[in-house]
Structure formats: C-alpha cells, structure tokens
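Residue numbers (the numbering used here): 2 to 383.
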C-alpha cells in the first residue's frame with residue numbers, strides 16, 4: 002500500500018514539473034536575430050542605381066561626387082556617397098529607391114548650438130576645434146566635434162543640448178603623426194576604421210587646397226594606399242596620348258591617382274560614362290563602362306586573334322605576347338633505335354683477393370665440471 006502511494010505521488014510530481022517546464026519554454030521570449038551588416042565596398046559612379054543618381058543630382062546640382070560605396074543590411078542595399086559642394090563636404094546615405102536616409106555635412110564652429118559651445122569651453126578650455134559636422138536623419142539632429150588636445154585628437158558626438166551621445170574612435174597617434182608629417186597643410190574631413198585579414202586599417206579623407214585625398218593607414222602609421230584627385234592637365238603625356246588616340250570625342254569628368262601608380266579617369270561620350278585605369282606609361286589596366294556595347298577602339302583594325310588578346314588585356318595588367326615556337330625536327334631512326342645494353346657487372350668486375358681472418362679463443366672455465374675446477378695442477382693452462 003505504501004509503495005503504491007509513493008509511486009502515485011512521484012507520477013504527480015513529475016507531471017507538474019514537466020508542465021511547468023513546458024509553460025516556461027512557451028513564455029520565454031525568442032532571441033532577436035542580430036543584424037548582419039557587410040563592410041562597405043567601393044563602387045564606380047556608373048554602378049549606382051539610376052534612382053540614386055537622379056536624387057543626388059536633383060538635390061545637389063552643384064556638388065561633386067568624390068567616391069561612392071555600397072553595403073547590405075538585412076538583405077537591403079544601401080549606397081553611401083561622399084560629395085563636395087563648394088567648401089562643404091557631405092556624406093549621403095541613400096536607399097536603393099533613391100530615398101535619402103541620412104546625411105552628414107561639415108559646418109563651421111560658429112554653427113554649433115550654443116549649448117555645445119558652453120560644454121566645450123568648460124570641459125576643454127585648452128582644446129581647439131579641428132572640425133565639426135552635423136548629422137541629420139529621422140532621429141534628432143546630432144553634432145560631431147573633433148578636438149585637438151595637445152598632440153592627440155578626439156571626436157565626440159553631442160545632441161543639441163550638449164549631452165555626450167557617444168565617443169568616436171580616435172586616430173592612433175602614429176597615424177596622426179604620419180599624416181601631419183606628410184600633409185602638413187591638409188584638413189581631415191573624416192576618418193573611419195575597418196578590419197581586414199585580422200588587421201586594423203584607418204581610412205583618412207582630407208582636403209589639401211584643391212586636392213582631395215584618401216589615405217589608408219596601418220595602425221603603425223604606414224600608408225598602404227593613397228588616392229587623390231588630380232587635374233587633367235597633370236596627367237602624364239603618355240596617358241594624354243592614349244586618351245587622344247583611343248577615346249576621341251569623350252570628355253574627361255574626373256581624374257584620380259592611386260598610390261602614384263594607377264590613374265583613374267572618368268570619361269563620358271554618347272554611349273555613357275566609363276572609368277579607365279591606366280599606369281604611368283599609358284597602358285590601359287581596367288575599364289568600367291555603364292554601356293554594354295561601349296568598347297574602346299583599341300582593336301578596331303586588328304585581326305580576330307589580336308582582338309581577343311586586347312579583350313584579355315582587360316583582365317590582367319599587360320597584354321600577353323604571342324611567341325612563335327620553332328618547329329621540332331624528329332629523327333624517327335633515332336627514336337626507333339634500341340638502347341645500348343648495359344654490360345654485365347660480373348664481366349667488368351676484376352678479381353679481388355679476399356682475406357679471411359679466423360680468431361681462436363681459449364676456452365673458459367664455464368664449461369669445466371665443478372669438481373675439476375676445484376683442483377687442477379699449476380701447469381694446466383685452463
């Protein structure tokens with residue numbers, strides 16, 4: 002009787018435990034999936050959607066597009082444009098349909114809200130304002146201020162009341178020193194940090210007179226890649242000749258020099274806009290065109306083989322050189338001739354004298370019977 006009661010109680014307790022676990026599992030909120038954001042990838046202006054290009058040109062007709070990038074967040078594509086409108090730089094964030102989601106524009110220190118000015122005077126009396134930017138989006142407007150304190154720079158984002166919203170990553174001192182040493186008169190417009198192959202990289206965008214420059218630094222201050230705007234008049238003569246010979250009737254829209262090795266030239270003609278990449282000798286390294294049938298007339302008067310080589314040169318840096326190999330003369334009698342037999346080793350061996358050394362050892366006492374070992378005459382050798 003006691004055993005049956007105990008068993009019944011155990012079943013009832015187990016039932017309550019299972020039902021409570023199930024109810025807890027049902028009421029437990031599901032974890033939200035983390036947003037996946039890919040690193041921005043640079044793209045040519047010709048790769049921008051037509052809606053984005055139209056929205057930008059209508060809103061900022063006098064602005065110059067410096068560079069553009071795209072990234073994907075939760076499956077949706079977004080496009081970031083860095084522009085210059087007179088002395089005002091802007092970063093514009095567009096959706097694929099051309100809707101402007103956010104923009105960041107440079108402002109003077111006088112345009113900062115009075116509350117932010119008071120905070121800067123009280124908390125950083127010895128600092129100087131390097132740059133200031135306004136961040137406008139659907140959220141309340143924010144202000145990004147970069148201060149120079151001694152030899153270091155720090156960037157802080159404030160709201161309109163002067164409250165600190167967040168601190169922005171500051172440039173490492175090695176990067177700051179390298180930039181100031183190389184470009185003492187340049188003004189830093191923006192900078193950002195990204196990771197590549199496990200190493201931190203710093204992208205610094207700056208303005209040096211009429212030259213706009215983007216430098217990618219390692220944390221040690223070593224410059225990895227330099228891209229700067231260039232006047233068409235400053236192009237090497239070899240590049241000018243290549244453009245005149247192969248792209249007659251086109252108009253140069255923009256010129257960039259990358260790491261003092263590659264030159265990027267944007268041209269426009271009746272077929273659309275194209276971006277060329279050339280080296281200092283005038284060799285065409287790459288071509289991006291928004292028209293499928295827009296082809297440079299480099300191979301206009303060449304044979305089919307030469308045309309295919311010219312098309313293949315778009316992939317690599319140089320065009321492969323055709324080499325005519327000499328015809329091989331084959332003597333069938335030599336191939337059919339049997340190989341000489343190897344002489345037998347035994348016949349070539351010379352007789353050698355073999356010396357065998359035999360050694361004899363005196364027997365030990367180990368094999369002598371025990372009784373004999375006890376007594377033996379002195380003259381007995383064992």
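Note that CB positions come from ideal geometry on N, CA and C, so glycine has one too.
1) By how many angstroms is the C-alpha of residue 101 removed from the C-alpha of residue 143?
2) Buried or exposed: which applies to residue 197, given that a residue is buried once 16 or more other Cβ atoms fall within 10 Å of its Cβ?
3) Taking only three categories from DSSP, how would you classify residue 172?
4) Quick one: is residue 185 buried, meaning 16 or more other Cβ sit within 10 Å of its Cβ, or exposed?
5) With a 10 Å radius around its C-beta and 16 neighbouring C-beta atoms as the bar for buried, classify residue 120 as buried or exposed.
6) Which residues mark the beginning and the end of the beta strand (DSSP E) in which residue 45 is found?
7) If the criterion is Cβ atoms closer than 9 Å, does the pair residue 236 and residue 256 meet it?
8) Could you name the residues that DSSP lists as bridge partners for residue 104?
9) Less than 9 Å between the C-beta atoms of residue 150 and residue 158, yes or no?
10) Which residues in the same chain have their Cβ closer than 8 Å to the Cβ of residue 63, if we skip the five residues on either side of it in sequence?
11) Rounded C-beta distance between residue 99 and residue 52? I'm assuming under 8 Å.
12) By the DSSP assignment, the alpha helix (DSSP H) with residue 149 in it spans what residues?
13) From residue 43 to residue 71, what distance separates their C-alpha atoms?
14) According to DSSP, residue 255 sits in a beta bridge with which residue or residues?
15) To which residues does DSSP link residue 227 through a beta bridge?
16) From what residue to what residue does the beta strand (DSSP E) around residue 86 run?
17) Which same chain residues, not among the five before or five after residue 216, have their C-beta less than 6 Å away from its C-beta?
18) To the nearest angstrom, how far is the alpha carbon of residue 181 from that of residue 192?
19) Nearest by alpha-carbon distance to residue 104: which of 111, 110 and 96 is it?
20) By DSSP, does residue 241 sit in helix, in strand, or in coil?
21) Entirely within the segment 51-77 and at least 3 residues each: give me those beta strand (DSSP E) ranges in chain order.
22) Is residue 135 closer than 9 Å to residue 108 when the C-beta atoms are compared?
23) Do you know how far the Cα of residue 145 is from the Cα of residue 129?
24) Taking DSSP as the reference, what is the three-state secondary structure of residue 111?
25) Out of 46, 114 and 133, point me to the one whose CA is closest to residue 89's CA.
26) Could you tell me if residue 46 is buried or exposed, where buried requires 16 or more neighbouring beta carbons within 10 angstroms of its beta carbon?
27) For residue 123 and residue 176, what's the separation of their Cα atoms in angstroms?
28) Within 10 angstroms of the Cβ of residue 208, are there 16 or more other Cβ atoms? Answer buried if so, exposed if not.
29) Cβ atoms of residue 168 and residue 152: under 9 Å apart, would you say?
Looking at the coordinates:
1) The residue you call residue 143 lines up with position 142 of the chain shown. The residue you call residue 101 lines up with position 100 of the chain shown. Whole-angstrom Cα-Cα distance: 17 Å.
2) For the purposes of this step, residue 197 is taken as residue 196 along the chain shown, with counting starting at 1. So residue 197 ends up on the exposed side.
3) Residue mapping note: residue 172 aligns to position 171 of the chain shown, counting from 1. Residue 172 falls in the coil class under three-state DSSP.
4) Here residue 185 refers to the residue found at position 184 of the chain shown. When all chains shown are included, residue 185 counts as exposed.
5) Translated into positions along the chain shown, residue 120 becomes position 119. Its Cβ being crowded by 16 or more others within 10 Å, residue 120 is buried.
6) Walking along the chain shown from the start, residue 45 turns up at place 44. Taken as a continuous stretch (DSSP letters only), residue 45 belongs to no beta strand (DSSP E), as it is neither H nor E.
7) Counted from its first residue, the chain shown places residue 236 at position 235. Counted from its first residue, the chain shown places residue 256 at position 255. Their beta carbons are under 9 Å apart, which means residue 236 touches residue 256 by this criterion.
8) The count along the chain shown starts at 1 and reaches residue 104 at position 103. Residue 104 is bridged to 93 and 137.
9) Sequence index remark: in the chain shown, residue 150 carries index 149 (1-based). Sequence index remark: in the chain shown, residue 158 carries index 157 (1-based). No, Cβ-Cβ distance for residue 150 and residue 158 is not below 9 Å.
10) As a first step, residue 63 is located in the chain shown; it is residue number 62 there, counting from the start. The beta carbon of residue 63 is closer than 8 Å to those of 86 and 87 in its chain, skipping five residues each way along the sequence.
11) On the chain shown, residue 99 is found 98 positions in, with the first residue counted as 1. On the chain shown, residue 52 is found 51 positions in, with the first residue counted as 1. 3 Å between Cβ atoms; contact.
12) What you label residue 149 is simply residue 148 of the chain shown in a count that begins at 1. Segment 143-150 is the beta strand (DSSP E) holding residue 149; no alpha helix (DSSP H) there.
13) Taking the chain shown and counting its residues from 1, the one referred to as residue 43 is at position 42. Taking the chain shown and counting its residues from 1, the one referred to as residue 71 is at position 70. Their Cα atoms are separated by approximately 7 Å.
14) To locate residue 255, count along the chain shown from 1; it is residue 254. Answer by DSSP bridge pairing, in chain order: 267.
15) Position 226 of the chain shown, counted from the start, is the residue given in the question as residue 227. Residue 227 has 216 as its beta-bridge partners, per DSSP.
16) Taking the first residue of the chain shown as position 1, residue 86 is located at position 85. Looking at the DSSP string, the run of the beta strand (DSSP E) that includes residue 86 is 77-86.
17) The residue you call residue 216 lines up with position 215 of the chain shown. Around residue 216: 205, 224 and 227.
18) Residue numbering aside, residue 181 sits at position 180 when the chain shown is read from its first letter. Residue numbering aside, residue 192 sits at position 191 when the chain shown is read from its first letter. Roughly 14 Å separates the two Cα atoms.
19) As a working note, residue 104 is residue 103 in the chain shown. Selected option, being the one with the closest Cα: 96.
20) Numbered from its first residue, the chain shown carries residue 241 at position 240. Here residue 241 sits in helix by DSSP.
21) 65-74
22) In the chain shown, counting from the first residue as 1, residue 108 sits at position 107. In the chain shown, counting from the first residue as 1, residue 135 sits at position 134. Taking 9 Å as the Cβ cut-off, residue 108 and residue 135 qualify as a contacting pair.
23) Walking along the chain shown from the start, residue 129 turns up at place 128. Walking along the chain shown from the start, residue 145 turns up at place 144. Cα to Cα, residue 129 sits roughly 14 Å from residue 145.
24) Translated into positions along the chain shown, residue 111 becomes position 110. If DSSP states are grouped into helix, strand and coil, residue 111 belongs with the helices.
25) The residue given as residue 89 occupies position 88 in the chain shown. That would be 133, whose Cα lies nearest to the Cα of residue 89.
26) The count along the chain shown starts at 1 and reaches residue 46 at position 45. In summary, residue 46 is buried, with 16 or more beta-carbon neighbours lying within 10 Å of its beta-carbon over all protein chains present.
27) Walking along the chain shown from the start, residue 123 turns up at place 122. Walking along the chain shown from the start, residue 176 turns up at place 175. Just so you know, the alpha carbons of residue 123 and residue 176 end up roughly 29 Å apart.
28) Position 207 of the chain shown, counting from 1, holds the residue named residue 208. The residue is buried, with at least 16 neighbouring Cβ atoms inside 10 Å.
29) The residue you call residue 152 lines up with position 151 of the chain shown. The residue you call residue 168 lines up with position 167 of the chain shown. No, the Cβ-Cβ distance between residue 152 and residue 168 is not below 9 Å.
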